[in-house]
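So the numbering used here is basically just the index in the sequence shown, starting at one, shifted up by 705.
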Amino acid sequence: MAKKIGVTMEVGNDGVAVITITNPPVNSLASPIIAGLKEKFQDANQRNDVKAIVLTGNNGRFSGGFDINVFQQVHKTGDLSLMPEVSVELVCNLMEDSRKPVVAAVEGLALGGGLELAMACHARVAAPKAQLGLPELTLGVIPGFGGTQRLPRLVGLAKATDMILLSKSILSEEGHKLGLVDALVPPGDLLSASRKWALDIADGRKPFLRSLHRTDKIGSLSEARAILKNSRQLAKKIAPNMPQHHACIEVIEEGIVHGGYSGVLKEAEVFKQLVLSDTAKGLVHVFFAQRATSKVPNVTDVGLKPRPIKKVAIIGGGLMGSGIATALLLSNIRVLLKEINTEYLMKGIKSVEANIKGLVSRGKLTQDKAGKALSLLKGVLDYTEFKDVDMVIEAVIENIQLKQSIFKELEKVCSPHCILASNTSTIDLDVIGEKTNSKDRIVGAHFFSPAHLMTLLEIVRSKNTSAQVILDLMAVGKAIKKVPVVVGNCIGFAVNRTFFPYAQAAHMLTNLGVDLFRIDSVITSFGLPLGPFQLGDLAGHGIGLAVGPIYAKVYGDRMFNSPLTELLLKSGRNGKINGRGFYIYEKGSKPKPDPQVLSIVEESRKLTNIMPGGKPRSVSDKEIVEMILFPVVNEACRVLDEGVVIRAADLDIASVLGMSFPSYRGGIVFWADMVGPKYIYERLKRLSETYGGFFKPSRYLEERAMKGMLLSESQSSRSRM
Ligand SMILES: CCCCC[C@H](O)CC(=O)SCCNC(=O)CCNC(=O)[C@H](O)C(C)(C)COP(=O)(O)OP(=O)(O)OC[C@H]1O[C@@H](n2cnc3c(N)ncnc32)[C@H](O)[C@@H]1OP(=O)(O)O
706 MAKKIGVTME
716 VGNDGVAVIT
726 ITNPPVNSLA
736 SPIIAGLKEK
746 FQDANQRNDV
756 KAIVLTGNNG
766 RFSGGFDINV
776 FQQVHKTGDL
786 SLMPEVSVEL
796 VCNLMEDSRK
806 PVVAAVEGLA
816 LGGGLELAMA
826 CHARVAAPKA
836 QLGLPELTLG
846 VIPGFGGTQR
856 LPRLVGLAKA
866 TDMILLSKSI
876 LSEEGHKLGL
886 VDALVPPGDL
896 LSASRKWALD
906 IADGRKPFLR
916 SLHRTDKIGS
926 LSEARAILKN
936 SRQLAKKIAP
946 NMPQHHACIE
956 VIEEGIVHGG
966 YSGVLKEAEV
976 FKQLVLSDTA
986 KGLVHVFFAQ
996 RATSKVPNVT
1006 DVGLKPRPIK
1016 KVAIIGGGLM
1026 GSGIATALLL
1036 SNIRVLLKEI
1046 NTEYLMKGIK
1056 SVEANIKGLV
1066 SRGKLTQDKA
1076 GKALSLLKGV
1086 LDYTEFKDVD
1096 MVIEAVIENI
1106 QLKQSIFKEL
1116 EKVCSPHCIL
1126 ASNTSTIDLD
1136 VIGEKTNSKD
1146 RIVGAHFFSP
1156 AHLMTLLEIV
1166 RSKNTSAQVI
1176 LDLMAVGKAI
1186 KKVPVVVGNC
1196 IGFAVNRTFF
1206 PYAQAAHMLT
1216 NLGVDLFRID
1226 SVITSFGLPL
1236 GPFQLGDLAG
1246 HGIGLAVGPI
1256 YAKVYGDRMF
1266 NSPLTELLLK
1276 SGRNGKINGR
1286 GFYIYEKGSK
1296 PKPDPQVLSI
1306 VEESRKLTNI
1316 MPGGKPRSVS
1326 DKEIVEMILF
1336 PVVNEACRVL
1346 DEGVVIRAAD
1356 LDIASVLGMS
1366 FPSYRGGIVF
1376 WADMVGPKYI
1386 YERLKRLSET
1396 YGGFFKPSRY
1406 LEERAMKGML
1416 LSESQSSRSR
1426 M
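Have a look at this one:
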């Protein structure tokens, strides 16, 4: 059945016209809604039987803002005329400057354009716990219906810049304290209270306030400039590579210096420039790509319902196990943490406690909730209590025999409906379950470290994993606030496999004579939070050495064998874990590049002997980015070719959430498509002619480059799903 969308107006006997937005699920402001709002406001302004107006949203949600699909259309076509004229025509003229008072009745959420409409009303009445915010910067644009001007005038400049630059929403309770919300009423009274408020304004019992004309919360020009100076510093820190934060501050300043209306005009102009930026394209893509991950063919569309998962056992209390336990406990799921002896168990429990304590000390969790979470944790040393768990997550070291024996045991001690998950990051699931008869309930639950903080959950399905088990794990993932991405089974799965050339390429460049600290710095300037060497330190070089042979066995044709990791370990540099790797780690200070590591690099260079003519290769920063990230794109192509992911956009989300690939570049495949498959192919081809198989373009990349196709276009039928 087609969903009913539109704007309605009902005029009551009291002379109040209630204008209602209906566009499920979030009442987004699509073009027909905006046209409907214009029509109804014109009508209400003209009708003699209308004294006052209430604006509201259907089904308990005011509005989730402007329809983001329109941005995507603009990105596809480059046609700015697809965006309706709203800010002046509707918001300023028909709403704010109306002679009849307009009151917003806000429930559920008022975000982006939704909050902007509410702020153009002459008062706002809200139900408790309504989410209020201007998240436009997360989409690479700025608020475009006057939000940059009205929010500072309603909540003060410092709070407004904080909310806008950090895209931080607040609840209506806080909004009430700040003056953004005029009255807080129970949901059942929302409409009657709003009608009354509107009539009170019409009859002069309450003030007729136009937000754009207010100056009482802005302060003096020098105070405002001081706040904006801080905002610029903040923008530099949080968004060094994005244009919208600085542009937003300029627009706010325009309104402070030349008045709100001037600010509204500048806002509209800057909005149009930003909406076409690569940043907006990348971020809008990420918005939709993230939501698409919850649609898994033959799993989420076949009428299955997730089963309740109330109790989970975790095997292994190390870094991963304790992180996963923390994430589950925080979402009220009971956890049995199993270790092999008391010492390890106590260590695991202490890690969970430290994770939770850290959240409390950073103000992210109340002491009460921390206590409740910890009360759901139980440590065990055997399988006695596994009989009634709904799911087991194995999180032991990457050792095939050990995992096989654990799964064989689990099959005996758990109930037949229990989900058997492994947190392996590398090992083939079919191999893990080889010695069991439970292959349909074996699934990969690959968390990223630190598991209680990183949002990606890579759900790995083998050919045998049942749809029900995948759906159950997706539901658990969502319950613990992760973004589950379902992928197929192969060595390294989607994320680690795609990114294994990241470290390899960095090692090759270093062996070619490029300074390793420069490589890290170039890559962080590109937008990844950690360069490959610092990332290696963080993961621990022992892990690198352990998984290397597993990758080499299957992807050996495109491996660069660097002696650097082994040399590093030989000299006692395990990484952050023991305070020394490529960098020195001291408590309370940032990692420092360690010049002593350079002699180890020299030794490695002697062994590989790949510097042209024995001299360091000179490379530009652009070449560094290409030599490190194009091999990653190349592997992403193989992942797409083999159908390891359902859609290319899943790999984008996985790269953004699992590897912190910059979201404003849209993810690894989206970025590669922006750079151009043909260019990437030609660069790799030339590099492979000089440096061999490591850079050899994949069949998929070559095919798309030759056909002038995007990498994200069409999928191969060789699906692993
Ligand atoms: C001339 C133009 C000027 C424009 C000016 C204006 O200032 C610009 C804007 O308003 S930009 C939009 C600002 N709003 C947002 O950024 C909010 C984005 N949405 C969300 O944060 C969330 O979706 C939510 C909090 C509103 C709801 O979250 P929830 O978890 O309940 O649900 P989902 O996120 O899964 O969303 C459900 C489906 O709704 C779609 N959707 C949500 N918001 C929008 C939107 N603004 N436009 C279009 N579609 C939206 C979302 O994609 C989901 O769709 P599915 O098909 O996947 O179900």
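Every residue, glycine too, gets a C-beta built ideally from N, C-alpha and C.
Just so we're clear, the structure is a prediction, and the values are computed from it rather than from any experiment.
- Distance check between LEU742 and each of PRO789, VAL1380, ASP1262 places PRO789 closest, using alpha-carbon atoms only.
- As a beta-bridge residue in DSSP terms, THR761 pairs with THR725, ALA810.
- A contact is defined here as three or more CB-CB pairs under 8 Å, and the region 1205-1225 meets this definition with respect to the region 1305-1321.
- Under the DSSP assignment, GLN836 falls in the beta strand (DSSP E) whose first and last residues are 836-838.
- The shortest CA-to-CA distance from ARG1223 to any of VAL1259, THR1170, PHE1287, PRO1336 is the one to PHE1287.
- Close CB contacts of ASN1142 within its chain, under the 8 Å cut and outside five residues either way in sequence, are with GLU1116 (chain order).
- Between GLU1340 and THR1129, the beta carbon gap of about 19 Å keeps them out of contact (Cβ cut-off 8 Å).
- Membership of PRO1321 in any alpha helix (DSSP H) is not indicated, and neither H nor E is assigned to it by DSSP.
- Between ALA973 and GLY849, the alpha-carbon positions lie close to 6 Å from each other.
- DSSP places PHE1152 in the uninterrupted beta strand (DSSP E) bounded by 1147-1152.
- Under DSSP, LEU734 forms a beta bridge with PHE771.
- Counting the other CB atoms within 10 Å of its CB gives HIS1122 a total below 16, which places it among the exposed residues.
- Counting along the chain, LYS1311 sits inside the alpha helix (DSSP H) bounded by residues 1302-1313.
- Listed in chain order, the non-local C-beta contacts of LYS834 below 8 Å within the same chain comprise LEU876, SER877, GLU878, local neighbours out to five positions each way being set aside.
- Residue nearest to GLY852 within the set GLU1291, GLY720, SER916, ILE1255 is SER916 (criterion: CA-CA distance).
- Residue side-chain check: GLU841 places its Cβ nearer than 7 Å to a non-hydrogen atom of ligand 1.
- Rounded to the nearest angstrom, the Cβ distance from VAL846 to LEU1009 is 38 Å, too far for a contact under 8 Å.
- Contact between GLU1099 and ILE1020 is confirmed by a C-beta separation of about 5 Å, below the 8 Å threshold.
- With a 10 Å radius around the Cβ and a threshold of 16 neighbouring Cβ atoms, GLY1149 comes out buried.
- For THR1071, the secondary structure class from DSSP, reduced to helix, strand or coil, is coil.
- About 4 Å separates the beta carbons of LYS756 and GLY720, which is inside the 8 Å limit, making them a contact pair.
- Set against 7 Å, the gap from the CB of MET788 to the closest heavy atom of ligand 1 is smaller.
- As far as DSSP is concerned, ILE932 takes part in no beta bridge.
- Non-local C-beta neighbours of LYS864 in its own chain, meaning closer than 7 Å and more than five positions away in sequence, comprise LEU883, ordered along the chain.
- Taking a C-beta distance under 8 Å as the contact criterion, VAL956 and GLY968 qualify as a contact pair.
- The beta carbon of SER1417 sits closer than 6 Å to those of ALA1353, VAL1374, ASP1378, all from its chain and outside the five residues before and after it, given in chain order.
- Cβ neighbours of ARG1322 within its own chain (closer than 7 Å, five residues either side excluded): LEU1217, GLY1218, VAL1219, MET1316.
- Annotated as distal: SER1365 and LYS1186, with beta-carbon spacing of 8 Å or more.
- In this structure the region 1017-1034 does not touch the region 1192-1207; the number of beta carbon pairs closer than 8 Å is below three.
- Under the three-state reduction of DSSP, SER1120 is assigned to coil, being neither helix nor strand.
- Under DSSP, MET714 forms a beta bridge with ILE724.
- Look at ILE875 here: in three-state DSSP terms it is strand.
- Per the C-alpha coordinates, the member of SER1393, ASP1242, GLY1348 positioned closest to PRO1298 is ASP1242.
- Per DSSP, the continuous alpha helix (DSSP H) segment holding LYS1062 begins and ends at 1047-1066.
- With at least 16 other beta carbons inside 10 angstroms of its own, PHE1231 counts as buried.
- Restricted to the region 1222-1302, the alpha helix (DSSP H) segments that are unbroken, complete and at least 4 residues in length are 1237-1244, 1246-1260, 1269-1275, listed in chain order.
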